[in-house]
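In the UniProt record's numbering, the protein residues as written are 1 to 124. Below: the structure, in structure tokens.
Have a look at this one:
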């Protein structure tokens, strides 16, 4: 875009720039939404815990040590699920910051401003 643009071409370049920015923002938004919806393995851990829980023999249900062990397993599962959630939250925050720190949008806005300034100078 370093070439000189005639006064008649300038509005077209401004519109093209606007469409490019809109498409870029749409891509960023949908990409981030897909990033947030990516699968995790929480259900795998819950399913395995449930299978282990259901496989417990009936004669152990009244045993106090078994109950204590089951409570510990619930706590371990809870901690593991929270660790997964916390890690995903941190990954999402890092992705968000990477998007914010991209200079593409700022560069595009600078180009658009240059087009507007050129257009204003040609009209005066």
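We put the CB at the ideal spot given by N, CA and C, even for glycine.
Problem - Three-state secondary structure (DSSP) of residue 2 - result: Locating residue 2 in the chain shown gives position 2, counting from the first residue. Residue placement at residue 2 cannot be trusted, given a pLDDT of 48 that sits under 50; the coordinates are not used to answer.
Handout entry: Beta-carbon spacing of residue 17, residue 111 below 8 Å
Key = Taking the first residue of the chain shown as position 1, residue 17 is located at position 17. Taking the first residue of the chain shown as position 1, residue 111 is located at position 111. Contact: yes.
Handout entry: Coil, strand or helix - residue 52 by DSSP
Key = On the chain shown, residue 52 is found 52 positions in, with the first residue counted as 1. Helix.
Practice task
Output the distance between the C-alpha atoms of residue 92 and residue 103, rounded to the nearest integer angstrom.
Solution key: On the chain shown, position 92 is the one that residue 92 refers to. On the chain shown, position 103 is the one that residue 103 refers to. Distance between the alpha carbons of residue 92 and residue 103: 19 Å.
Exercise for the section: Would you kindly work out how many angstroms separate the C-alpha atoms of residue 36 and residue 59, rounded to a whole number? Expected result: What you label residue 36 is simply residue 36 of the chain shown in a count that begins at 1. What you label residue 59 is simply residue 59 of the chain shown in a count that begins at 1. One C-alpha to the other measures close to 44 Å.
Exercise for the section: Would you check if there are 3 or more beta carbon pairs closer than 8 Å linking the stretch 42–60 to the stretch 73–90? Expected result: yes
Practice task
Could you pull the start and end residues of the alpha helix (DSSP H) that residue 37 belongs to?
Solution key: Against the chain shown, residue 37 aligns to sequence position 37. Residues 10–37.
Handout entry: residue 39 versus residue 21 - alpha carbon distance
Key = To locate residue 39, count along the chain shown from 1; it is residue 39. To locate residue 21, count along the chain shown from 1; it is residue 21. Looking at the two C-alpha atoms, the distance is approximately 29 Å.
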